[in-house]
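Protein chains: 2
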Amino acid sequence: MKLPPLNALRVFLVAAEHHSFTKAGETLHLTQGAVSRHIQTLEAHYGLPLFVRQARGLTLTPEGVALFPAVRDAFSRIEAASEAISRRSRELRVKASPSIASRWVLPRFTQFRNRYPDLMVSLVTVTGFDPNFKSREYDISFQACETQEPGLIYHRLRGARFVPVASPDLFKDKPRPTMAQFMEYPLLHPSHEDQFWSQWFALSGMNPGNSIEAYAFDTLDLAITAASRGMGITLAEESMIADDLANGTLVQLSDVALVTSWAYYLIYPQELATLPSVIAFRDWALAEFSDTPPAPASSAQ
Amino acid sequence: MKLPPLNALRVFLVAAEHHSFTKAGETLHLTQGAVSRHIQTLEAHYGLPLFVRQARGLTLTPEGVALFPAVRDAFSRIEAASEAISRRSRELRVKASPSIASRWVLPRFTQFRNRYPDLMVSLVTVTGFDPNFKSREYDISFQACETQEPGLIYHRLRGARFVPVASPDLFKDKPRPTMAQFMEYPLLHPSHEDQFWSQWFALSGMNPGNSIEAYAFDTLDLAITAASRGMGITLAEESMIADDLANGTLVQLSDVALVTSWAYYLIYPQELATLPSVIAFRDWALAEFSDTPPAPASSAQ
DNA sequence: TGTTTACCATGCATAAAATTCATGGAGCAA
DNA sequence: TTGCTCCATGAATTTTATGCATGGTAAACA
Chain A
1 MKLPPLNALR VFLVAAEHHS FTKAGETLHL TQGAVSRHIQ TLEAHYGLPL FVRQARGLTL
61 TPEGVALFPA VRDAFSRIEA ASEAISRRSR ELRVKASPSI ASRWVLPRFT QFRNRYPDLM
121 VSLVTVTGFD PNFKSREYDI SFQACETQEP GLIYHRLRGA RFVPVASPDL FKDKPRPTMA
181 QFMEYPLLHP SHEDQFWSQW FALSGMNPGN SIEAYAFDTL DLAITAASRG MGITLAEESM
241 IADDLANGTL VQLSDVALVT SWAYYLIYPQ ELATLPSVIA FRDWALAEFS DTPPAPASSA
301 Q
Chain B
1001 MKLPPLNALR VFLVAAEHHS FTKAGETLHL TQGAVSRHIQ TLEAHYGLPL FVRQARGLTL
1061 TPEGVALFPA VRDAFSRIEA ASEAISRRSR ELRVKASPSI ASRWVLPRFT QFRNRYPDLM
1121 VSLVTVTGFD PNFKSREYDI SFQACETQEP GLIYHRLRGA RFVPVASPDL FKDKPRPTMA
1181 QFMEYPLLHP SHEDQFWSQW FALSGMNPGN SIEAYAFDTL DLAITAASRG MGITLAEESM
1241 IADDLANGTL VQLSDVALVT SWAYYLIYPQ ELATLPSVIA FRDWALAEFS DTPPAPASSA
1301 Q
């Protein structure tokens, strides 16, 4: 393949559009002389003139006319592909469940955005387990899961550990309840399906009785929010209540932690593993949310 | 329009085809390091990797995969247009009537070809007046004509002047005939239509009588050839018999010359005026065939 | 008709970019 | 482990592009 000088071609394109070397120079932020030389290079390559220089303006020779649309089309093709590629490196859609979104991601999201101000990062909140990267609705996902699918890269963030918490206001002047006294308060369930309280009581060697079904919430987050408003005692995932415990909105009522069989993962498709935006978010998320020392960036996958 | 570094794109294309920087370097006559740097330039431009460097060979990232066909298509578009343009500058088809072809052009054609060995120049011989450049069968034409059409550039080469010639063998030991004695020999007519002999005799103040229709030929060339073989006396265009007079194949029998109202022209379409091949042939032909001092190349049109 | 104006071409100096060379390092294979 | 194959990279060099200032040409102007 023997191609003409490509940079000269671009200059030719602009000059042909403007019918002027001087204006082309302005457009390209070049001097008129530089444009003239580029065109000379191109004309020397073909061995024929591409422009007819007249005092009253520039005209294309028939060869220039033939060349023009080819160059225009070729460059616009490259431009379109480049634009598509560049956009992918500037945009990142993060998926998280509502609980993870509000308890993990959102509190630290601006920190990430500040570190990468050029990145258009958006948070997609979806309920339920649906690692559907094929639909391209999101690029990277926080996900609680037990199994792994091929084609996806999983980074384990932490196991889920549930501990009982409540608002200190719930007890007013009374002493904080022992496990045996939990049933005197409303027990908030962070899920409609999983029997966290039953499992937790079994772990503690107790018989939960009938009061377990009191209040059930859709998400872990809602149950925690309800508890922090004094509605009762809930089982909360440890990593989601650090702030609440620190500022006293919630108090932890027992050290007995229910450790589930599943864990939280950061997941993304293998084909996005080379995207700087994905790499940047992954490294940040691992450092922020993992309960293990973050691996060096280069060996993270 | 913001385009990626174009030379780097070409290197990317070759590297992507070879799945190897080293082999790409060989193809492009560059070192491996230079290829590496071009790819780095391109990756820096996009802000993301285009290749996955593995010890066992190079793979394209999804972005590289997306870029590849666009670059390939774009460059092949440019290549195709360039090829078409270059071919036009290397090829030239010259049209001439059989007489002009054999008497003017062919004797000096190799001289022109030797001066421009890279030019693929061909001679198209067409009988009759047909300045049809629209059909693109030829690029430049030797033509005898009286009127000029718009869109075509005419260079007058010379007027047509006919003088009587014959082979010296025709007269054996006899003295050469005077005008009055011409009728004792066969008179060869270089045309079926034009009454050159009648006009010539009228010019000489003589009455041609009946013998004028003796032998008629299709072309000037054929009549001259016939005369040179001793078949009779013909009227020959002066410029076509210079060689024959010089080497004694023909002798001129009178200084009376029939000057026609038309002249020989070199003709080509205006839109080919910038082609170097046309310019080269025009300048050469004007110098070779014109009866006037050739104008400087720059002002020839 | 002489003058102005708008453009492109070009010699020369300089800045920028590409390229090479030599070397280093990483991953695979024997 | 030892080689081998590739790609990355620092530093020097060559090549190329660019700017600047100037010159030339042809049209427009007055």
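First to last, the protein sequences are chains A and B.
According to my numbering, the stretch in the first sequence is residues 1 to 301, in order.
According to my numbering, the stretch in the second sequence is residues 1001 to 1301, in order.
C-beta atoms are modelled at their ideal positions from N, C-alpha and C, and glycine is treated no differently.
This structure is a prediction, so every number in the text was calculated from the model and none was measured.
Exposure label - residue i; buried when at least 16 CB within 10 Å
i, result
"E1137 of chain B", "exposed"
"L188 of chain A", "buried"
"G64 of chain A", "buried"
"Q954 of chain B", "Residue 954 of chain B lies beyond the stretch modelled for chain B, which goes from 1001 to 1301, so this question has no answer here."
"L203 of chain A", "exposed"
"P1293 of chain B", "Its pLDDT being 47, under 50, P1293 of chain B is placed unreliably by the model, and nothing is read from it."
"S277 of chain A", "buried"
"E43 of chain A", "buried"
"M1183 of chain B", "buried"
"P1069 of chain B", "exposed"
"S1261 of chain B", "exposed"
"E1083 of chain B", "exposed"
"A1297 of chain B", "In this prediction, A1297 of chain B has a pLDDT of 40, which is less than 50 and means its spatial position is unreliable; nothing more can be read from the coordinates."
"D1255 of chain B", "exposed"
"S299 of chain A", "Note that S299 of chain A scores 35 on pLDDT, short of 50, meaning its location in the model is unreliable and no value can be drawn from it."
"T1219 of chain B", "buried"
"M1206 of chain B", "exposed"
"T147 of chain A", "exposed"
"K1002 of chain B", "exposed"
"K134 of chain A", "exposed"
"V165 of chain A", "buried"
Span of the beta strand (DSSP E) around residue i
i, result
"T1249 of chain B", "T1249 of chain B -> no beta strand (DSSP E), and no H or E assigned at all."
"Q1199 of chain B", "First-last for Q1199 of chain B: 1196-1203, but that is the alpha helix (DSSP H), not the beta strand (DSSP E)."
"E288 of chain A", "Where E288 of chain A is concerned, there is no enclosing beta strand (DSSP E), although the alpha helix (DSSP H) it sits in stretches over 276-289."
"T59 of chain A", "57-60"
"A96 of chain A", "91-96"
Where residue i falls: helix, strand or coil (DSSP)
i, result
"T27 of chain A", "helix"
"H1018 of chain B", "helix"
"P294 of chain A", "Interpretation of P294 of chain A is limited by its pLDDT of 42, a score under 50 that renders its predicted location unreliable; the figure taken from the coordinates is listed afterwards. If DSSP states are grouped into helix, strand and coil, P294 of chain A belongs with coil."
"A1034 of chain B", "helix"
"T234 of chain A", "strand"
"P164 of chain A", "strand"
"L258 of chain A", "strand"
"R72 of chain A", "helix"
"M179 of chain A", "helix"
"M1206 of chain B", "coil"
"E193 of chain A", "coil"
"Q1301 of chain B", "The predicted model places Q1301 of chain B with a pLDDT of 34, which falls under 50 and marks its position as unreliable, so this point remains unresolved."
"A1084 of chain B", "helix"
"L1170 of chain B", "helix"
"P269 of chain A", "strand"
"F51 of chain A", "strand"
"Q148 of chain A", "coil"
"R156 of chain A", "strand"
"Y1264 of chain B", "strand"
"L119 of chain A", "coil"
"Y185 of chain A", "coil"
"R10 of chain A", "helix"
"S135 of chain A", "coil"
Endpoints, alpha helix (DSSP H) assigned at residue i
i, result
"V1126 of chain B", "Unbroken run through V1126 of chain B: none, as it is neither H nor E."
"L1003 of chain B", "Neither: L1003 of chain B is in no alpha helix (DSSP H) and is coded neither H nor E."
"I342 of chain A", "No information on residue 342 of chain A is available, as it lies outside the stretch 1 to 301 that chain A covers here."
"L1222 of chain B", "1220-1228"
"Q1111 of chain B", "1106-1115"
Contact test: residue i Cβ vs the ligand NAD heavy atom, cutoff 6 Å
i, result
"A1246 of chain B", "Looking for the ligand NAD in the displayed structure turns up nothing, as the structure carries no ligands at all."
Exercise. Would you call the stretch 1072-1085 of chain B and the stretch 23-41 of chain A touching, i.e. three or more CB-CB distances under 8 Å?
Worked result: Short answer: they don't touch.
For this session: Flag this pair as touching only if the stretch 1217-1236 of chain B and the stretch 1105-1115 of chain B have three or more C-beta atom pairs under 8 Å; answer yes or no.
Result: No contact exists between the stretch 1217-1236 of chain B and the stretch 1105-1115 of chain B.
Problem set entry | the stretch 51-58 of chain A contacting the stretch 12-22 of chain A, beta-carbon criterion three pairs below 8 Å | Contact holds: three or more Cβ-Cβ distances are below 8 Å.
Problem set entry | At least 3 beta-carbon pairs within less than 8 Å: the stretch 107-120 of chain A vs the stretch 247-267 of chain A | These segments do not touch.
Exercise. At a cut of 8 Å, does the stretch 1001-1014 of chain B reach the stretch 172-186 of chain A through at least three beta carbon pairs?
Worked result: No, they do not touch.
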